[in-house]
Each structure stands twice: as structure tokens, then as C-alpha cells.
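This report concerns only the one structure given below.
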Amino acid sequence: MAFDSNHERLRALKAFDETKAGVKGLVDAGITAIPAIFHYPPESFAPLAPFSTDVAIPVIDLSGQRSEVVSKVKAAMEKLGFFLVVNHGVPEAAMSNMLSVVRGFHEEPVEAKELYYTRDEERHVKYSGNADLFRSPAAKWRDTMYINDAGRLAEEILPPVCRGVVPEYTRLMRQLGRFLFGIVSEALGLQRGYMEEETGCLEALLLGCHYYPACPEPHLTLGAVKHSDASFLTVVLRPQIVGGVLLQGEYGNVVCAGGRRRERSTTVQDYQGRAAVRFVQDNAQVGLIISNCARLLEALMNTI
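Under the numbering used here, the first residue of the sequence shown is numbered 682, with each subsequent residue one higher.
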């Protein structure tokens, strides 16, 4: 179903937003057809190209010789803008706990979540069904909770399910970020502390906690669209997801991947469009974190 006017579409968007229940609320209501605000045009669903084994996102062991790590990160930034890391110092329990509290929050009753439902950019904890609901041509099939600088917030500001776990995960991410930015600085031929000290890249740490409920009509909508991140570095914690990379028109597997793929995918691209990574469901190796050199880092690299 298409809208006869922008006014009708705006009214439908407002009605969805005012429920404060998000996409999960639609699923809980037992819908069998998704609202038209979630419909994407057919051209949004281009067929996925077959995977090749010739191209791969590099997996970098951060416990290796520093000079070797710097060299591998530099090559990854120059070629793809993406790399995966292992032995990164973030315990598996911390990652598992973080994934659990994200799921736990999104599966709370509406009455518990609506306290954090807002489009106020100044709020440190924000939950909504689509942060860009009124700006995007179509709504995405997902809900998101954003937490800004959780390690510096009073614990009572956080949702109860997040307390304890989120501040600790944020501390570990800041620790990992400091190490990665040191490596990136050296890869750019700069002093180890340049990124942190001169750009203030560790001053802001934003957690984007996405939740993708089951969809009754997945052929009509998307949970995420092609985009690049407006940050220095994006670190993705993924629950049993493996990615492939599109490089020069050819898809390649992540080298450590194993298991059977499923059909649904999400595509993220780096700022210069050099590579697009798609993530598909898989029984993949746990403990990997995907690092994406995002828009602000690309801009800095272009000035050096």
C-alpha cells in the first residue's frame, strides 16, 4: 500500500511514534502485514552476488608484535577500511553480558521502556523505533537504544537492566579504543598518542544498541541500509554474525568464517565507498569485533 499524500504518511509516522512501543510493539501485537511506512522500493532489494573465496577482510591478532599489528592495520585501512580483531582484551563474558542486556532491555514491557523513549538529542539514554523516523524515506525494521558516555553517567540514569554491565563494557571499549587509536596513529606515521591527544577522539563514546525483531514480511523492508558512520572508528559487537566484503565488484568471505549462511543481510560501507561489508547470519567464531574506519578518520587521513 502506498500513501496518497505526504500528510497521510506523516500521520502514520506520528501514530507509530506515539505508541512508544517501537517495532517490537508491532510484533507483540501479532501483526501479519507490516505498516506501509516500512515499505522500501523494489530497487532496494538488489540480488546478493555469489560469494568468492578470493577476497577477505583481514583478521588482526592484537597480541602480536606491535610493528606487525601496525603494518596490518595500515594495509587494511588503505585497502578496505574494515578489519576484524582477536585477542583484543575484551573478555567473552563482558561481550556476552552486553548482548544479553541489550536484548533484555528491548524485550522489557513497554511501560519500562517508554521512560527512555525520546527524540531529544541531549538525553544521554535514548530509545526509539528509528532515530531518523521522520527524516528517512522509509522506516527501518528495528528499534535502537543509544547510550552516550555510559561510563561517566550516574548509574541511576541507566535502565535497571543495563546497570553494572554497560559501564564495564564502556570501560573496556574505551581501553580498546585507546589501543586502536595508538595503532592507527602509528599507521599514519604519527606519534602513538596523536589521535587521542590532538583530535579528542576518545572524548565521546556512543553505544548504539540495535534490536531487529522477527518480521512477517521481510521481503518488503530492511533493518539497516547502506551507510557510513559519522565517527572516527566504529567497533561492532556481533551475535554470531559473519561478514563478507564487496571489493572491486566481488564478494569475499571473512577468512575465519564457518558454518551455514542464511539469506538476510545488511550492508555497511566505508566513507569513500571503497568497500561494502555485508553481515549474514552464521555459526561464526565468537570473540571477534569488527572495526570500521569511519567518516571522521577518513577525513583526517586525507589531510595527512
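Even for Gly, the Cβ is constructed at its ideal location relative to N, Cα and C.
A direct Cα-to-Cα measurement between residue 917 and residue 971 gives close to 5 Å. Per DSSP, the beta bridge partners of residue 824 are 892.
Looking at 822, 873, 885 and 886, the one whose alpha-carbon comes closest to that of residue 716 is 822. Check the Cα spacing between residue 705 and each of 768, 790, 743 and 722: the tightest is with 790. The three-state reading of DSSP puts residue 915 in strand, counting E and B together.
Here residue 858 is actually not in contact with residue 839; their C-beta atoms are around 20 Å apart, not less than 8 Å.
Residue 774 counts as exposed, since fewer than 16 other beta carbons sit within 10 angstroms of its beta carbon. Beta-bridge annotation (DSSP): residue 809 is paired with 825. Annotated three-state conformation of residue 768 is coil, per DSSP. Between residue 708 and residue 786, the CB-CB gap reaches or exceeds 9 Å.
DSSP places residue 838 in the helix class (H, G or I) of the three-state scheme. Residue 799 places its beta carbon 9 Å or farther from that of residue 830. With contacts defined as CB atoms closer than 9 Å, residue 847 and residue 782 qualify as a contacting pair.
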